[in-house]
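> Protein sequence lines, in the order shown, are assigned to chains A and B. Counting along the first sequence from 1, when you hit position 25 you're at 24 in numbering that gives the first Met the number 0, and nothing is skipped either side. Counting along the second sequence from 1, when you hit position 166 you're at 165 in numbering that gives the first Met the number 0, and nothing is skipped either side. For every residue, glycine included, the Cβ atom is placed at its ideal position computed from N, Cα and C.
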Amino acid sequence: MTSFTLTMKRIIFGIFIIAVMTLTAVFAPLVAPYDPLEMDLSPEGRLKPPSPEHFFGTDNLGRDVFSRMLYGARISLSVGFIAVIISVCIGILLGGLSGYYGGRVDALIMRFVEVMYCFPTFFLIMMVITFLGPSIVNVMVVIGLTSWPGLCRLVRAEFLSLRERDFVSSAKVQGIPDRRIIFRHILPNAMAPVYVSATLSVGAAILVESALSFLGLGVQIPRPSWGNILTAGKNYLDYAWWLTFFPGIAILLTVLSFNLVGEGLRELLDPRLRKRK
Amino acid sequence: MDTTLRIDSLTVDIGPGRVIDGISFEVAEGRILGLVGESGSGKTMTALAVLGLLPEGAVIRSGQVLLKGNDIVPMSPEERRRLRGKKAAMSFQEPFTAFNPVMRIGEQVTEAMRAHGMSRAGAEKRLAELSRMVKLSPGICRHYPHELSGGERQRMMIAMALSCGPDLLILDEPTTALDVSVQKHILDLVSELQRRKKFSVLFITHDFSVVNKIADDVAVMKEGRIVEKGSKDKVLKAPGHEYTRKLIGCIPRLGDTRKRLPV
Ligand SMILES: Nc1ncnc2c1ncn2[C@@H]1O[C@H](COP(=O)(O)OP(=O)(O)OP(=O)(O)O)[C@@H](O)[C@H]1O
Ligand SMILES: [Mg+2]
Numbered sequence: 000m001t002s003f004t005l006t007m008k009r010i011i012f013g014i015f016i017i018a019v020m021t022l023t024a025v026f027a028p029l030v031a032p033y034d035p036l037e038m039d040l041s042p043e044g045r046l047k048p049p050s051p052e053h054f055f056g057t058d059n060l061g062r063d064v065f066s067r068m069l070y071g072a073r074i075s076l077s078v079g080f081i082a083v084i085i086s087v088c089i090g091i092l093l094g095g096l097s098g099y100y101g102g103r104v105d106a107l108i109m110r111f112v113e114v115m116y117c118f119p120t121f122f123l124i125m126m127v128i129t130f131l132g133p134s135i136v137n138v139m140v141v142i143g144l145t146s147w148p149g150l151c152r153l154v155r156a157e158f159l160s161l162r163e164r165d166f167v168s169s170a171k172v173q174g175i176p177d178r179r180i181i182f183r184h185i186l187p188n189a190m191a192p193v194y195v196s197a198t199l200s201v202g203a204a205i206l207v208e209s210a211l212s213f214l215g216l217g218v219q220i221p222r223p224s225w226g227n228i229l230t231a232g233k234n235y236l237d238y239a240w241w242l243t244f245f246p247g248i249a250i251l252l253t254v255l256s257f258n259l260v261g262e263g264l265r266e267l268l269d270p271r272l273r274k275r276k
Numbered sequence: 000m001d002t003t004l005r006i007d008s009l010t011v012d013i014g015p016g017r018v019i020d021g022i023s024f025e026v027a028e029g030r031i032l033g034l035v036g037e038s039g040s041g042k043t044m045t046a047l048a049v050l051g052l053l054p055e056g057a058v059i060r061s062g063q064v065l066l067k068g069n070d071i072v073p074m075s076p077e078e079r080r081r082l083r084g085k086k087a088a089m090s091f092q093e094p095f096t097a098f099n100p101v102m103r104i105g106e107q108v109t110e111a112m113r114a115h116g117m118s119r120a121g122a123e124k125r126l127a128e129l130s131r132m133v134k135l136s137p138g139i140c141r142h143y144p145h146e147l148s149g150g151e152r153q154r155m156m157i158a159m160a161l162s163c164g165p166d167l168l169i170l171d172e173p174t175t176a177l178d179v180s181v182q183k184h185i186l187d188l189v190s191e192l193q194r195r196k197k198f199s200v201l202f203i204t205h206d207f208s209v210v211n212k213i214a215d216d217v218a219v220m221k222e223g224r225i226v227e228k229g230s231k232d233k234v235l236k237a238p239g240h241e242y243t244r245k246l247i248g249c250i251p252r253l254g255d256t257r258k259r260l261p262v
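1) Going by DSSP, what residue range makes up the beta strand (DSSP E) through residue 89 of chain B?
2) What would DSSP say about residue 187 of chain B, mapped onto helix, strand or coil?
3) Run through DSSP, which three-state label would residue 24 of chain B get?
4) Residue 216 of chain A and residue 148 of chain A - do their beta-carbons sit closer together than 8 Å?
5) Using DSSP with H/G/I as helix, E/B as strand and the rest coil, what is residue 106 of chain B?
6) Taking DSSP as the reference, what is the three-state secondary structure of residue 129 of chain A?
7) Assuming the contact rule is C-beta atoms closer than 8 Å, residue 263 of chain A and residue 13 of chain A should be a hit. Round their C-beta distance to whole Å, please.
8) Please determine, among A:5, A:125 and A:159, the residue with the shortest C-alpha to C-alpha distance to residue 96 of chain A.
9) How far does the alpha helix (DSSP H) with residue 243 of chain A in it extend, from its first residue to its last?
10) Report the rounded CA-to-CA distance for residue 173 of chain B versus residue 138 of chain A, giving the unit in angstroms.
11) Please indicate yes or no: does the CB of residue 172 of chain B lie closer than 7 Å to some heavy atom of ligand 1?
12) What ranges does the beta strand (DSSP E) occupy inside the segment 128-206 of chain A, keeping only unbroken runs of at least 3 residues that lie completely in it?
13) Measuring only the C-alpha atoms, how far is residue 269 of chain B from residue 196 of chain B?
14) Would the segment 194-202 of chain A count as touching the segment 87-106 of chain B if we require 3 or more Cβ pairs under 8 Å?
15) What residue does the alpha helix (DSSP H) around residue 80 of chain A start on, and which one ends it?
16) Which word fits residue 75 of chain A, buried or exposed, when buried means at least 16 other C-beta atoms lie within 10 angstroms of its C-beta?
17) Thinking just about the alpha-carbon of each residue, which of B:14, B:48 and B:30 is nearest to the one in residue 22 of chain B?
18) Just jot down, in chain order, the residues whose CB lies closer than 5 Å to any heavy atom of ligand 1.
19) So is residue 145 of chain B in contact with chain A if we call contact Cβ pairs under 8 Å?
20) If the cut is a Cβ gap below 9 Å, which residues of chain B does residue 195 of chain A touch?
21) With DSSP collapsed to three states, give me the class of residue 79 of chain B.
22) For residue 63 of chain B and residue 117 of chain A, I'd like the C-alpha separation in whole angstroms.
23) Please list, in chain order, all residues of the same chain as residue 213 of chain A whose beta carbon is under 8 Å from its beta carbon, the five residues on each side excluded.
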């Protein structure tokens, strides 16, 4: 019982943070007190510490860090969500085919998954981005295209056990076509672990995007993202802590929230974990 | 007399094991054949072979399965799919697990009709007819499987099997998972529907008292072989095989007081 309430508290905390982040991101133009690109290069305007006018201070070019953070949230969250949507689609499709048909289809897809696992993903992403050129769209697509193998295995395992169930045989007996059996009968019953994995992946994708932007391979300046605000701040670490502190905290909180929700969902949805208390 | 289903020296292997060993029998048009045998004798495998749905690893070594004169053994998977539901349909042993838990019952029944080319409106209309036909209120179609009782689920499964008007209905132990009073209702329902709609039935069971109530003909199966077949009266009155006598011996007879234990 206590573990159940604890799980619920974690999920609610996570959802609350994610909701706040998402709302401020969506309504950034309304909430932001300044234009995120507007510079003030006067000596008094630059590197101002947090104050009532500038909640999170200003950066080396006199831009309002709070406003930049709000616009950066748009990028980080949309990269996280879109990359995961891409990865979930690929994972479900390949994992589903693999688990449902088995045999040679399965062998082929699983070898492909193993090859994907062999590459250190982050370096693969870096390599591809260097070839294609850094942009938000490329970052989303590349994260999506490289992060599906884990999910693919998960979906495959679910399909392997579900396809043996009576209701699947029953649908086959009725002459229901395979496509419909896969998407209407098996998939809805296999979604629980997909939700868990997808939630955790959003956090991971946000982290990857921040890291790429930090390395200059993601969102390009002057457009703000949490990662590149952090980069700009690292040169002023000694006397302008707010430039690195706020984006760092934002990344930490967001990733933490997605992990709390993901783990919480896992505990709620997995009957084996639930019984163990 | 025409035959709806005719199985001709069918042999099926799964791996090294022979699960069906050269069986031959037929289901005549408009008649009910009771396929009887103990657990593991290969009854379900026979039914799946008729539908072209043998489990992975099963190989048909020889023989023919003729549905209305067409052999399904050499057919492509897609050809077989089109026959299923339309020419031959089946209801499963376990009414509890045979429905998708996250889909409404009604939707699962209409889906079969849609898969065989019926319009949405036509399928909805037929769904109401079907549920009345199996003596349930059409409102039940909006429920999820776990909200129905075992008997109701079995009725809906029969409705689903009959949705596309099959020539052959295969019932795999439709009463085994149900209690005795519900069993009787299901048997009455099957014989009534069969009399009205004139389809043929392959009725699988291990219980001779059920065969006695419902079947016209009987085939007895043991370890993948048919050991005895014929009309019900002939097989029940003068069983020719030791195994058949043993199975018949399991029926409790009314008025049979000899074996009663002293109170
Ligand atoms: N997937 C499978 N792989 C290998 N052998 C199987 C498989 N399914 C069934 N068998 C074997 O095939 C034989 C026949 O099984 P079948 O399910 O047809 O029996 P049944 O007569 O329907 O029994 P019951 O009354 O218990 O339903 C059994 O010996 C069983 O062990
Ligand atoms: Mg069986």
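For this structure:
1) Within the second sequence, the letter at position 90 stands for residue 89 of chain B. Looking at the DSSP string, the run of the beta strand (DSSP E) that includes residue 89 of chain B is 87-90.
2) Along the second sequence, read from residue 1 onward, the residue named residue 187 of chain B stands at position 188. Annotated three-state conformation of residue 187 of chain B is helix, per DSSP.
3) Numbered from its first residue, the second sequence carries residue 24 of chain B at position 25. The answer is strand: DSSP assigns residue 24 of chain B an E or B state.
4) Position 149 of the first sequence, counted from the first residue, corresponds to residue 148 of chain A. Position 217 of the first sequence, counted from the first residue, corresponds to residue 216 of chain A. It is not a contact, given that the beta carbons lie outside the stated cut-off.
5) Here residue 106 of chain B corresponds to residue number 107 of the second sequence, with the count starting at 1. For residue 106 of chain B, the three-state secondary structure derived from DSSP is helix.
6) Position 130 of the first sequence holds residue 129 of chain A. Here residue 129 of chain A sits in helix by DSSP.
7) One-based indexing of the first sequence puts residue 263 of chain A at position 264. One-based indexing of the first sequence puts residue 13 of chain A at position 14. Their Cβ separation, rounded to whole angstroms, is 7 Å, which keeps residue 263 of chain A and residue 13 of chain A in contact under 8 Å.
8) Within the first sequence, numbered from 1, the residue matching residue 96 of chain A stands at position 97. The shortest Cα separation from residue 96 of chain A among A:5, A:125 and A:159 belongs to A:159.
9) On the first sequence, residue 243 of chain A is found 244 positions in, with the first residue counted as 1. Run containing residue 243 of chain A: 241-268, per the alpha helix (DSSP H) assignment.
10) Taking the first residue of the second sequence as 1, we reach residue 173 of chain B at position 174. Taking the first residue of the first sequence as 1, we reach residue 138 of chain A at position 139. Within the model, the alpha-carbon separation for residue 173 of chain B versus residue 138 of chain A is close to 56 Å.
11) Position 173 of the second sequence, counting from 1, holds the residue named residue 172 of chain B. Result yes, Cβ under 7 Å from ligand 1.
12) If we require 3 residues or more, the segment 128-206 of chain A turns out to have no beta strand (DSSP E) run fully inside it.
13) Absent from the structure is residue 269 of chain B, since the part of chain B shown begins at 0 and ends at 262.
14) The segment 194-202 of chain A, when compared against the segment 87-106 of chain B, does not touch it at the 8 Å Cβ threshold.
15) Walking along the first sequence from the start, residue 80 of chain A turns up at place 81. If you look at residue 80 of chain A, you'll find it in the alpha helix (DSSP H) that goes 64-100.
16) Counting from 1 along the first sequence, the entry for residue 75 of chain A is found at position 76. With 16 or more Cβ atoms within 10 Å of its Cβ, residue 75 of chain A is classed as buried.
17) Walking along the second sequence from the start, residue 22 of chain B turns up at place 23. Of the candidates B:14, B:48 and B:30, B:48 places its Cα closest to the Cα of residue 22 of chain B.
18) For ligand 1, residues qualifying as neighbours are B:13, B:18, B:38, B:39, B:40, B:41, B:42, B:43, B:44 and B:54, where qualification means a beta carbon closer than 5 Å to at least one of its heavy atoms (chain order).
19) In the second sequence, counting from the first residue as 1, residue 145 of chain B sits at position 146. It does not: the Cβ of residue 145 of chain B has no partner Cβ on chain A nearer than 8 Å.
20) Sequence index remark: in the first sequence, residue 195 of chain A carries index 196 (1-based). The contacting residues do not exist; residue 195 of chain A stays about 17 Å from chain B at best.
21) Taking the first residue of the second sequence as position 1, residue 79 of chain B is located at position 80. In this structure, residue 79 of chain B counts as helix in the three-state DSSP scheme.
22) Along the second sequence, read from residue 1 onward, the residue named residue 63 of chain B stands at position 64. Along the first sequence, read from residue 1 onward, the residue named residue 117 of chain A stands at position 118. If you take the alpha carbons of residue 63 of chain B and residue 117 of chain A, they lie about 49 Å apart.
23) Here residue 213 of chain A corresponds to residue number 214 of the first sequence, with the count starting at 1. Cβ within range, chain order: 226, 227, 229 and 230.
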